[in-house]
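A.B. asks:
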Ligand code: SF4
Ligand code: SF4
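Numbering (the numbering used here), first residue to last: 1 to 117.
(1) Quick check: the Cα distance between residue 37 and residue 9, rounded to an integer number of angstroms?
(2) Please state the DSSP three-state secondary structure of residue 43.
(3) For a minimum of 3 consecutive residues, which ranges assigned as the beta strand (DSSP E) are wholly contained in the region 37 to 109?
(4) Please work out which residues of its chain come closer than 7 Å, Cβ to Cβ, to residue 27, disregarding the five sequence neighbours upstream and downstream, and give them in chain order.
(5) Can you determine whether any heavy atom of ligand 1 sits closer than 8 Å to the C-beta of residue 83, and answer yes or no?
(6) If you compare alpha carbons, which of 71, 30, 87 is closest to residue 19?
(7) Secondary structure at residue 4, three-state DSSP: helix, strand or coil?
(8) Excluding sequence positions up to five away, which residues of its chain have a Cβ less than 8 Å from the Cβ of residue 63?
(9) Output the distance between the C-alpha atoms of residue 101 and residue 23, rounded to the nearest integer angstrom.
And the structure:
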């Protein structure tokens with residue numbers, strides 16, 4: 001017989017208070033955040049930044065748990081968590097510095113099944 005009591009109420013959906021911000025021009029591709037993110041959220045892009053590195057992005061942003069580990073481990077302060085509302089305002093107003101990405105707000109266009117000739 002299990003000794004673990006079931007919760008009386010169902011678990012509420014988890015919400016992230018903060019959003020992940022990546023300053024891709026500051027990233028030096030050291031890989032620390034990619035390696036040590038406990039939820040394997042991060043990965044490298046194919047693009048080059050001005051320093052000639054492939055900067056980091058989020059390949060699975062929905063898995064982020066706001067633990068801030070990436071922010072603490074990054075030696076170049078290229079990745080951090082920001083207040084959601086403030087970040088959203090800056091994103092909507094286009095007030096982000098060049099190379100700044102907020103994966104949670106970036107909407108990918110639906111892939112077209114028919115390729116134009
Ligand atoms: S906050 Fe934590 S879970 Fe989210 S990307 Fe950074 S290390 Fe990964
Ligand atoms: S720890 Fe910082 S510099 Fe290193 S890959 Fe991650 S974002 Fe780039």
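Heads up, the beta-carbon is just placed ideally off N, CA and C, and yes, glycines get one too.
C.D. replies: Inspection of the coordinates gives the following:
(1) Working through the chain shown from its first residue, we reach residue 37 at position 37. Working through the chain shown from its first residue, we reach residue 9 at position 9. Rounded to the nearest angstrom, the two C-alpha atoms are 31 Å apart.
(2) As a first step, residue 43 must be located in the chain shown, where it is residue number 43. Strand at residue 43.
(3) 42 to 44, 56 to 58, 79 to 83
(4) For this step, residue 27 is matched to residue 27 along the chain shown. Result list for residue 27: 49, 53, 55, 56, 76, 78, in chain order.
(5) Residue mapping note: residue 83 aligns to position 83 of the chain shown, counting from 1. Flag unset: Cβ of residue 83 not near ligand 1.
(6) For the purposes of this step, residue 19 is identified with residue 19 of the chain shown, where counting begins at 1. Here the closest residue by C-alpha is 87.
(7) One-based indexing of the chain shown puts residue 4 at position 4. DSSP places residue 4 in coil when its eight states are reduced to three.
(8) The count along the chain shown starts at 1 and reaches residue 63 at position 63. The answer, listed in chain order, is 39, 40, 41.
(9) As a first step, residue 101 is located in the chain shown; it is residue number 101 there, counting from the start. As a first step, residue 23 is located in the chain shown; it is residue number 23 there, counting from the start. Spanning the two alpha carbons is a distance of roughly 6 Å.
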